[in-house]
Structure formats: C-alpha cells, structure tokens
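Participant:
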DNA sequence: CGCTTCTTTCAGAAATTTGTGAAGTTAAGG
DNA sequence: CCTTAACTTCACAAATTTCTGAAAGAAGCG
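Protein chains in written order, with the numbering used here: chain A, 225 to 389; chain B, 225 to 389.
#1: Between residue 282 of chain B and residue 355 of chain A, what straight-line distance do the alpha-carbon atoms span, to the nearest angstrom?
#2: If we cut at 8 angstroms on Cβ distances, does residue 238 of chain B have a partner in chain A?
#3: Compute the Euclidean distance between the alpha carbons of residue 341 of chain B and residue 272 of chain A, then round it to the nearest angstrom.
#4: Starting from residue 404 of chain A, follow its DSSP beta bridges and name the residues at the other end.
#5: Applying a beta-carbon distance threshold of less than 8 angstroms, which residues of chain B neighbour residue 323 of chain A?
#6: Any idea what DSSP makes of residue 285 of chain A, helix, strand or coil?
#7: Alpha carbons only, please: which of A:323, A:249, A:235, A:348 is nearest the one belonging to residue 234 of chain B?
#8: Any idea if residue 246 of chain B is buried or exposed, counting beta-carbon neighbours within 10 angstroms, 16 or more meaning buried?
#9: So is residue 418 of chain B in contact with chain A if we call contact Cβ pairs under 8 angstroms?
#10: Following the continuous alpha helix (DSSP H) through residue 379 of chain A, name the residue where it begins and the one where it ends.
#11: Out of A:239, A:331, A:359, A:369, which one is the CA nearest neighbour of residue 384 of chain B?
#12: Measure how close the beta-carbons of residue 290 of chain A and residue 297 of chain A come, nearest whole angstrom, since I'm counting them as under 8 angstroms.
#13: When Cβ atoms are compared, which residues of the region 304–324 of chain B fall closer than 7 angstroms to chain A?
#14: By the criterion of Cβ-Cβ separation under 8 angstroms, what are the contact partners of residue 300 of chain A in chain B?
Below you can see the structure in the form of structure tokens.
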C-alpha cells in the first residue's frame, strides 16, 4: 500500500463493489435503489452515511434516497439515527442487525403458512390435493423452527470468531 | 359433504386457494404467471396438468403458460412429462422436488459469496469496511452449510410423518 | 416567530415488465 | 411427405414500476 493510499479509500474500488453487489441483490429480487443504498452503507468506513452522502455517491436524488431508506428501515436492514441537535439524518447498518433481518422471512413464512392452512381446509384434508398442500405446510412449519435454531448457532459461531464486534 | 360433491372438486374453492396462495408468492418476489401456474399444479388432484388445462383454469394464453412453465422448470419447481406417443405435455410438481428447489437458493448464495469475497479483496481485509463485509461473507458461508444439514433433517422428519409418499 | 436546512410527498415522464395474438417450429400419424 | 396438433418465439400494446424535480412539511436556531 503506497503512502498516498494510506487511510484513504479508493472511490473507484468502492463503487465497483457497490454496483456489483447491488446487482446481485437486484437479481435476487430486491429493488434497485434499496440495493444500491444498502451496498453503499455496507462498504462505508463507519457503516453509516447521511442522505446527502448517499445521493452524492450514488448520483441519485434526495427523493430516491428517501424511498430506498424507508424500504430498508421497514425491513429492519438499516436504522435511522439523528445526531441530537441536527436536522441531518444518518442511516446505519448494524453488523448484526441486518442478517437477522435477512433470515427474518418470518412475516413471509407466516403468510404462506396461513394461506396453505386455508387451502387444506378448503380442499379437504382427505383429498389428494389437500394432502399435498398439507405436506407443503408441514415443510414450512419445520423450516420455521429450524431457522431460529440456526440463528442461535450462528450467534455462537460469530461470537467465537469475531468477538462481540 | 353432499352426494353431489363426492369425488368432485369445487372449482370455486380451488380457484380461491390458487389466487390467494399465488398472491403470497408474488408478494415474496415471484412473477405473477409462474406463481399462478405453480399454485394451480399444487392444488390439482394428480399434481400434474396439461398446458390446455392450465390455460383454461387460469384464463391465460398458451404463450403465458409456456413462459411460466419454462421459468418453473428452470427453477426445478416443476418437471415436464410427455406421455409417449403424444404431442401433449404435462407439467408436474413432485411432492419432494419443489421444496428442495425452494431452499436451493444455492445459486443465489454462491453469487453473493463471490461478490462479497471480491469486495473484501477490493476494499482490503484490514479496513473497517473490509472487515464488515468479511463478516457478512462468514454469515453466508455458515448458512450455506447449515441449510444442507437442515434439509437432511427434513427428509428424515418427512419420512417419519408421511412415509415415502 | 420566521429563517434555514433537511426530509418527505406527489405528479408525471421515462423505462421496464407483462401478457397477448400471430407466425414459426416440431413431431406424431396417416 | 403432408397434415395437424401442440408448444415456442416474437413484436407490440397495455399496465406497472421507477426515478425525478418541485412543492410541501418538519425541526433546529436565532
């Protein structure tokens, strides 16, 4: 690392990572702006950026930042901070908060389970279709329990390897 | 259950389940037509329908069926069958095949891991951002291993409760 | 209270996605 | 081979989504 680079960040390298990781998130179904904003926060030095910084770095309007951040906050993937006595907001990824959120398909899972249970009732538990749907439901019930155990194991694993970082 | 209903399926009840479950899949990011086709197959008596039957039941064009089925086959959520000596194709959900597919975010996971690894390299493993991204990567590496173990447990659980159905 | 700074909301232009009809392709069966 | 039944591809119209500039809304600070 040259002296000129020390303590400095290569804006080009950051941007390339931001765009390529965001592209993967988009491919997996996330909207474009939330994906870019999230990737930008993830690759920021402090893990937190202001609206203006995000707009500048990603070349998007304040409106776009606002929409993206609202979405991410709803999904519990970032949190909003406000330095006391300032109008300026800061958006932050907590190292641990966001992958809790990613496995927190809980809301999705719950709705699927509800819809499937309803299907079993409608079609009749003793019909072929009813049985097929009941098995699908059993799968999601199973998954539901497993995921929370998995996250417990991850927390232990993480603490061991990364400390309470 | 009245005599008239015995052995018969209430088309209205089926349709209501199809549309409501499909809506949940759409909300979770799946495209509309694949979601409807999939829900229709899931709630069919035999677990398999022809293109014409799907078009009729869902009121969609052959082109729409074709597109939806191509997508579902790529995702390994349905398989195509052809009765020998017929031009007519049949699309089937195998009870076990498709939830294997649903947890098979493997392709997605792999791409995320690749993008994150690249990010650590670009930003530097010893920078704050690099460390944050490395931890995220560690999470996905962990998840990757856990999911296959979870599916092993599911198969055991399933066999116990449903037999080899 | 009013000025200033930041964020949010909103209407609309632009881009993208979706589903169709119609033409094209494949393969069975005479 | 030719016909015909079935599936696929393609261009386009319609619907939806996305992002912006502009206006409106909040909140610190004098």
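Don't be surprised by glycine CBs; every beta carbon is placed ideally from N, CA and C.
Model, not experiment: these values are computed from the prediction.
Facilitator: Checking against the coordinates, here is how it stands:
#1: 22 angstroms
#2: yes
#3: 21 angstroms
#4: Since the first and last residues shown for chain A are 225 and 389, residue 404 of chain A lies out of range.
#5: 360, 363
#6: coil
#7: A:348
#8: buried
#9: Outside the displayed span of chain B (225 to 389) sits residue 418 of chain B, for which this structure offers no information.
#10: 352–386
#11: A:359
#12: In fact, because the Cβ distance is near 11 angstroms, the residues do not count as touching under 8 angstroms.
#13: 319, 323
#14: Result: empty, since nearest Cβ-Cβ is about 16 angstroms, beyond 8 angstroms.
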